[in-house]
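Here's the structure, in structure tokens; my notes come after.
Number of protein chains: 2
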Amino acid sequence: MKKLINSPENVVHEAMEGMVAAHGDLLKAHFDPNFLFRADAPVKGKVAIVSGGGSGHEPMHGGFVGKGMLDAACPGAVFTSPTPDQMHEATKAVNGGKGVLHIVKNYTGDVLNFEMAADLARGEGIEVEAVVIDDDVAVKDSTWTAGRRGVGTTVLAEKICGAAAEAGQSLTEVAALCKKVNAQGRSMGMALTSCTVPHVGKPTFEIGEEEMEMGVGIHGEPGRQRLKIANADSITEMLLKPIIEDIPFKSGDNVLLFVNSMGGTPAIELYVIYRKAHEILTKAGIKVTRNLVGPYITSLEMAGTSITVLKLDDQLTSLWDAAVHTPALRWRA
Amino acid sequence: MKKLINSPENVVHEAMEGMVAAHGDLLKAHFDPNFLFRADAPVKGKVAIVSGGGSGHEPMHGGFVGKGMLDAACPGAVFTSPTPDQMHEATKAVNGGKGVLHIVKNYTGDVLNFEMAADLARGEGIEVEAVVIDDDVAVKDSTWTAGRRGVGTTVLAEKICGAAAEAGQSLTEVAALCKKVNAQGRSMGMALTSCTVPHVGKPTFEIGEEEMEMGVGIHGEPGRQRLKIANADSITEMLLKPIIEDIPFKSGDNVLLFVNSMGGTPAIELYVIYRKAHEILTKAGIKVTRNLVGPYITSLEMAGTSITVLKLDDQLTSLWDAAVHTPALRWRA
């Protein structure tokens, strides 16, 4: 196993220390239980947003903590759900008196542990809403989920809901918005290689030199099919077709197109994919009015890509454009 | 070879098309000869900055085209210098009447071809200055250079000089500033794995499961030594020590610390490295006042990291903080 780490046991803790050393103006760390939270938390009178999940998907979620996005992120061990005490303590730490939204990717452990944390916090008088993201069209159920998995739309939901919370919306409004983003976003991914979980020490799955996994999950879970590797244009078509047909996206829609690296796929390849995805959508009369290209929801060093399409309206567009200042996403309105 | 491309011949062209499809508000493409340039070029009365080099180091340089950074970037084939006609045509396209600075990484082909382009442009009455970046402390000469290679400091020079040009500085001033950044920046990198050049189809170099290449170049050129793989803290020490001793950086210095991914190293590992680098510098009395963490000068999908340290003063700090809006770096002052 070739990794720039000191030990599998310490990688999450040390990465959190590195995040604080680099971005101490934006975030702080709480250890035992582990979470990263906004340096200025709690923000009085603002709905707070907490997310989290297994580590190994960086910059998600810690890299999205900051003004205009998350108030706290709870990192579990690599590819392992955080424990309820992490989300419970994070919820208490960032609660500014207007309630807390939990954004949860649909994996069984995450869902159960977030529910337990929400119950504990509610028992202490904190208003908590939870929205589960399940945008992955690849498979109906999977290794670690009942129902669809939560993937790329999570990033977009965290940005958009973060902007709404910053603008003073109520917990009910921000939660409804999160459900709307989930309802309007669809994703699918694929892998050329496996990744290696540090404490496992060997690749999560075997894949031949001529093979690719279509519909792969962000932990390397099996997807739809194992196919002979194809060219980038064909792969882009295979990912986009099920996405477009699912909602379905229609001629006249305005969308955000998000082309994501699974970690090991370089930018030059992402732009080859983006080019074809943009062309396919444009030909279908679907207008790409916003985009995001880069490694934002990854699977350690896995080579591969995922595509997310989110249907936009004026509300979502304006919240996407609103100021954000986090380690991984940063712009002003 | 597992890559998300259509063919090795088309990858650069198609990635440029993808860049324009995604970032048409910021940049345009010129094909044959190939270059990306600011959508609002030429900017009248502003010094223009042109850089370029082999592709495969994305987002460098195309991802740095935009307000506050580069006016144009000339991508060669993967790991191959662009040809003089690319830099010549780019120079003409972005010249706003106040002269053009070429920022050139010290590789023999790049230096010769940029010189030829500068001569052609000067023959047409365009004032051109060129500054060669040679910040890599790993080796004195290398496969493709006389003298030190140009690596991470290039990214910082492009940002800082871009801000100075935007602020109205003259060509003489911006060129002097670029030399100053080069004089005050030092880098060193290492690799855990090789990368594969698309038109070659096999790894650039062989490396054992237990080995790492210390001082590797951004094309996979040999570095200082092939060692048994060490832990992240030891690797960070091995990279930082030659950097600190070179200028040398001294107690009391303010610096920018840039921890870069060679492409295949995920963010979680970069922050483990950042943590230790920050600690070493702090213990030496060197204060990290600015930083950059991520994949900014890569070697395709190579796993590895490089560290760059740049000595800051008030001038450089304020130019670093100035607004920038490019695909890969974006903030407001």
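Sequences listed follow chains A and B, in order. Taking the numbering used here, I'd label the letters of the first sequence as residues 991 to 1323. Taking the numbering used here, I'd label the letters of the second sequence as residues 991 to 1323. Where is the CB? At the ideal position from N, CA and C, for every residue including glycine. Since the model is a prediction, treat every value here as computed from it, not as a measurement.
Identify, in the order they occur along the chain, each residue of the same chain with its Cβ nearer than 7 Å to the Cβ of residue i, setting aside the five sequence neighbours on each side.
i	result
residue 1255/B	1293, 1294, 1295
residue 1045/B	1002, 1065, 1066, 1067, 1068
residue 1101/A	1094, 1122
residue 1078/A	1107, 1110, 1111
residue 1150/A	1167, 1171, 1306, 1309, 1310
residue 1103/B	1071, 1072, 1073, 1074, 1077
Which chain A residues sit within Cβ distance under 9 Å of residue i?
i	result
residue 1281/B	1011, 1012, 1013
residue 1182/B	992, 993, 994
Among the residues of its own chain, which have a CB less than 6 Å from the CB of residue i, if the five just before and after it don't count?
i	result
residue 1124/B	1096, 1137, 1138, 1140
residue 1243/B	1276, 1301
residue 1099/A	1071
residue 1214/A	1128, 1204, 1205
residue 1212/B	none
residue 998/A	1188, 1189
residue 1290/A	1046, 1185, 1253
Identify, in the order they occur along the chain, each residue of the same chain with its Cβ nearer than 8 Å to the Cβ of residue i, setting aside the five sequence neighbours on each side.
i	result
residue 1010/A	1017, 1018, 1019, 1026
residue 1196/B	1184
residue 1024/A	1002, 1003, 1006, 1064, 1065, 1072, 1076
residue 1105/A	1120
residue 1058/A	1149, 1152, 1153, 1156, 1312, 1313, 1314, 1315, 1316
Put residue i into one of helix, strand or coil per three-state DSSP.
i	result
residue 1096/A	coil
residue 1047/A	coil
residue 1126/B	strand
residue 1066/B	strand
residue 1363/B	Since the first and last residues shown for chain B are 991 and 1323, residue 1363/B lies out of range.
residue 1325/A	The requested residue 1325/A does not occur in the structure, where chain A is confined to residues 991 to 1323.
residue 1116/A	coil
residue 1056/B	coil
residue 1039/B	strand
residue 1033/B	coil
residue 1301/B	strand
residue 991/A	coil
residue 1290/A	coil
residue 1319/B	coil
residue 1295/A	strand
residue 1071/A	coil
residue 1314/A	strand
residue 997/A	coil
residue 1135/B	strand
residue 1141/A	coil
Name, please, each residue of chain B whose Cβ falls closer than 8 Å to the Cβ of residue i.
i	result
residue 1255/A	994, 1291
residue 1221/A	995, 996, 997
In chain B, what lies closer than 9 Å to residue i by C-beta?
i	result
residue 1023/A	Those within 9 Å of residue 1023/A in chain B number zero; the least Cβ separation is about 19 Å.
residue 1328/A	There is simply no residue 1328/A to check, as chain A begins at 991 and stops at 1323 in what is shown.
Would the beta-carbon of residue i be found less than 8 Å away from any heavy atom of the ligand PLP?
i	result
residue 1149/B	Although the ligand PLP was asked about, the structure shown includes no ligands whatsoever.
At 8 Å on the CB atoms, spell out the chain A contacts of residue i, in chain order.
i	result
residue 1139/B	Here the premise fails: no neighbours, minimum Cβ distance about 20 Å.
residue 1087/B	Under the 8 Å cutoff, chain A gives no residues; its nearest Cβ is about 30 Å from residue 1087/B.
residue 1268/B	1008, 1011, 1012
residue 1295/B	994
residue 1288/B	1256, 1257
Give the residues of chain B in contact with residue i, contact being defined as C-beta atoms less than 7 Å apart.
i	result
residue 1187/A	Going along chain B, no residue has its Cβ under 7 Å from residue 1187/A, so there is no contact; the nearest lies around 12 Å.
residue 1320/A	1320, 1321
residue 1005/A	1258, 1261, 1262
Could you work out which residues of chain A lie near residue i, taking near to mean beta carbons separated by less than 7 Å?
i	result
residue 1001/B	1258, 1262
residue 1225/B	994
residue 1265/B	1004, 1007, 1008, 1011
Practice problem: Name, going along the chain, the residues of the stretch 1038-1061 of chain A whose beta-carbon falls closer than 8 Å to a beta-carbon of chain E. | Solution: Annotation note: the requested chain E is absent from the structure, which comprises protein chains A and B.
Practice problem: Report yes or no: do the stretch 1061-1077 of chain A and the stretch 1041-1052 of chain A share at least 3 C-beta pairs separated by less than 8 Å? | Solution: yes
Self-check item: Ranges of the alpha helix (DSSP H) found wholly within the stretch 1155-1241 of chain A, counting only runs of at least 4
Solution: 1161-1174, 1222-1236
Quiz prompt | Those runs of the alpha helix (DSSP H) which lie wholly inside the stretch 1235-1288 of chain B and span at least 4 residues | solution = 1257-1273
Quiz item: Counting Cβ pairs, one atom from each stretch, are 3 or more of them under 8 Å apart for the stretch 1269-1289 of chain B and the stretch 1115-1134 of chain B?
Solution: no
Quiz item: Do the stretch 1304-1323 of chain A and the stretch 1034-1048 of chain B make contact, defined as three or more Cβ pairs closer than 8 Å?
Solution: no
Practice problem: For the stretch 1255-1264 of chain B and the stretch 1140-1151 of chain B, state whether three or more C-beta atom pairs, one from each stretch, are separated by less than 8 Å. | Solution: no
Quiz item: Touch check for the stretch 1188-1202 of chain B and the stretch 1105-1117 of chain B: three-plus C-beta pairs under 8 Å?
Solution: no
Quiz item: Are there three or more Cβ pairs, one per stretch, closer than 8 Å when the stretch 1313-1322 of chain B is compared with the stretch 1163-1176 of chain B?
Solution: no
Self-check item: At least 3 beta-carbon pairs within less than 8 Å: the stretch 1027-1036 of chain B vs the stretch 1082-1090 of chain B
Solution: yes
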